[in-house]
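Have a look at the structure below, then the notes.
Number of protein chains: 2
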Amino acid sequence: MESEIANATLKALRRVLRAAEGGTRRLAAATGLTPSQLLVLREIDARGEVTPGIVAQRLEFSHATVTAIVDRLVALGLASRARSDQDKRRMLLAATEKGRRCLAEAPDMLQEIFAARFAALPAWEQAMILAGTERLADILGVREMDAAPLLDTGAIDRI
Amino acid sequence: MESEIANATLKALRRVLRAAEGGTRRLAAATGLTPSQLLVLREIDARGEVTPGIVAQRLEFSHATVTAIVDRLVALGLASRARSDQDKRRMLLAATEKGRRCLAEAPDMLQEIFAARFAALPAWEQAMILAGTERLADILGVREMDAAPLLDTGAIDRI
DNA sequence: CGATTATATTTCATTATCCGAAATAAATAG
DNA sequence: CTATTTATTTCGGATAATGAAATATAATCG
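Encoded structure:
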């Protein structure tokens, strides 16, 4: 037996993913930055002062990649690098004024579109979407779990 | 007034996006293909026989990019190129047996994880997640709409 | 202290992406 | 037949992403 509901949800999920990806790309185009650069700049800005290692870990990039992207952000005057005093192995990254302005001026289209349309919905529907999305995130998010326990739960509908 | 619900939903949405991206990447790693190559191969397989132009359009890649990726897929024996008889400008791409096997053997982890966990949920919760995700996709998906109408709907909660 | 080990970042070499513009080739319109 | 349009590829160039090696600092242990 196939689960129609699971199928339909996956289909909707793919639509969500496509929409989100399109948003990211258009946003990047608007700022003149590439998606990766934008991601890194955001991560830096969100944390005030971070080390490349943390950024790499958060974004699941290699350190080498982060270094290269930060090189460009620094060259563009959007981010700064400074060696930590406490631990001189560490570099502290920060967004410059220009970098913050760049992020502020190029608001996340995903957010903008989302906010406007979401606000127009009745409260009960907002609540339902929130609950559904959170559950979905829960389902997808657990990654430390290995496959075995899943299979123990009995017959699983094939998708 | 800020909408807590909108905020929370966006947060959950970001978790979903992160999980999905991680899934794609791990899947690609498992097959030995890069995410882009996998995307292209999937798109080709899903349609049986397609032209590079259609693939480029669907994935929002440039034709040049698709050509380069197809080059690799062909070199790996996963896809084939053949000139169309009806219109000799067209190239028809198809997944080879090996290509289809490659896709089949590397099942979408997103789907796998999702299917197992989803099936374990009570029916009402499955229905709720479906409804929420579909509405979310609706909200995000409309892209032909320009920005203006959004702003006409009155005050918009800032996110 | 001095040697070793661990941590943090960068450099280097390599492969893959992704694109715009020009080139190539075939279909179609006038 | 010539011009235009359509479909794809080639080319040149910037970016992205990685693993492995190099560099530098910190911390630990005898």
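Note that the protein sequences, when read in sequence, are chains P and L. Using this note's numbering, read the first sequence as starting at 1 and increasing by one per residue. Using this note's numbering, read the second sequence as starting at 1001 and increasing by one per residue. Where a beta carbon is used, it is the ideal one built from N, C-alpha and C, also for glycine. On a predicted model such as this, the values are computed, not experimentally measured, just so you know.
Nearest to L:T1031 (by Cα), restricted to the options L:L1059, L:A1012, L:S1003 and L:L1073: L:L1073
Under 9 angstroms, CB to CB, which of the residues in the stretch 1038 to 1068 of chain L have a partner in chain P? E1060
Which residue marks the beginning of the alpha helix (DSSP H) containing L:A1006, and which one marks its end? E1004 to T1031
Ignore the nearest five residues each way along the sequence and tell me which others in P:A106's own chain have a CB closer than 7 angstroms to its CB. L27, A30 and T31
Checklist line | Whole-angstrom C-beta distance between P:I129 and L:L1093, which should lie under 8 angstroms | finding: Their Cβ separation, rounded to whole angstroms, is 38 angstroms, which puts L:L1093 and P:I129 out of contact at 8 angstroms.
By the criterion of Cβ-Cβ separation under 7 angstroms, what are the contact partners of P:E97 in chain L? Simply none; closest approach about 22 angstroms.
*Along the stretch 73 to 96 of chain P, what residues have a CB closer than 9 angstroms to any CB found in chain L?*
none
Whose CA, out of L:I1069, L:A1131, L:A1127 and L:A1082, lies closest to the CA of L:L1041?
L:I1069
Item to complete: Quick one: which unbroken alpha helix (DSSP H) runs of 4-plus residues sit fully inside the stretch 1035 to 1059 of chain L? Chain order, please.
Response: 1035 to 1047 and 1052 to 1059
>> Buried or exposed for L:Q1037, going by 16 or more other Cβ atoms inside 10 Å?
In response: buried
Next item on the list: Please check the pair L:F1114 and P:L10, which I expect to be a contact at CB under 8 angstroms, by giving their CB distance rounded to whole angstroms.
Entry: 6 angstroms
task: Identify the contact partners of L:A1006 in chain P, using a Cβ-Cβ distance below 8 angstroms as the criterion.
output: F114, A115, F118, A119 and Q126
- Message: For a contact defined as C-beta to C-beta under 8 angstroms, what are the partners of P:A12 on chain L?
- Response: L1130, T1133, E1134, L1136 and A1137
CB contact below 9 angstroms: L:S1036 versus chain P: no
Q) Is the Cβ of L:T1031 closer than 9 angstroms to any Cβ of chain P? A) no
### Query
According to the neighbour-count rule (16 or more other Cβ atoms, all chains shown, within 10 Å of its Cβ), is L:Q1086 buried or exposed?
exposed
Just to confirm, is the Cβ distance from L:F1059 to L:L1033 under 9 angstroms? Strictly speaking, residue 1059 of chain L in this sequence is Leu, with Phe absent from that position. No, they are not a contact pair.
>> Rounding to the nearest angstrom, what Cα-Cα distance links P:L121 and L:Q1111 in this structure?
In response: 30 angstroms
field: Opposing strand residues paired with L:M1128 [DSSP bridges]
entry: According to DSSP, L:M1128 bridges with nothing at all.
Worksheet entry | Beta-carbon gap between P:L17 and L:R1015 smaller than 9 angstroms | no
| message | Please classify P:R89 as buried or exposed, where buried requires at least 16 neighbouring CB atoms within 10 angstroms. | response | exposed
* Interface residues of chain P facing L:R1101 [CB-CB closer than 8 angstroms] -> Those do not exist, as L:R1101 stays about 18 angstroms from chain P at its closest Cβ, beyond 8 angstroms.
Cross-chain neighbours of P:A20 in chain L, by beta carbon under 8 angstroms: L1013, L1017 and L1140
Where the alpha helix (DSSP H) containing L:L1073 begins and where it ends: H1063 to A1075
Original post:
Nearest chain L C-beta to P:A123 closer than 9 angstroms, yes or no?
Top reply: yes
Query raised in the report: How would you call P:Q57, buried or exposed, if buried means at least 16 neighbouring beta carbons within 10 angstroms?
Result: exposed
Suppose contacts are defined by Cβ-Cβ distances below 9 angstroms. Is L:A1116 in contact with L:G1099 by that definition? no
What is the C-beta distance between P:G132 and L:G1132, in whole angstroms, given that I count them as a contact (C-beta under 8 angstroms)? 2 angstroms
Exercise for review: Take P:M181 as the anchor and find which of P:A75, P:A104 and P:E49 has the nearest alpha-carbon.
Suggested key: This structure cannot speak to residue 181 of chain P, because chain P is shown only from 1 to 159.
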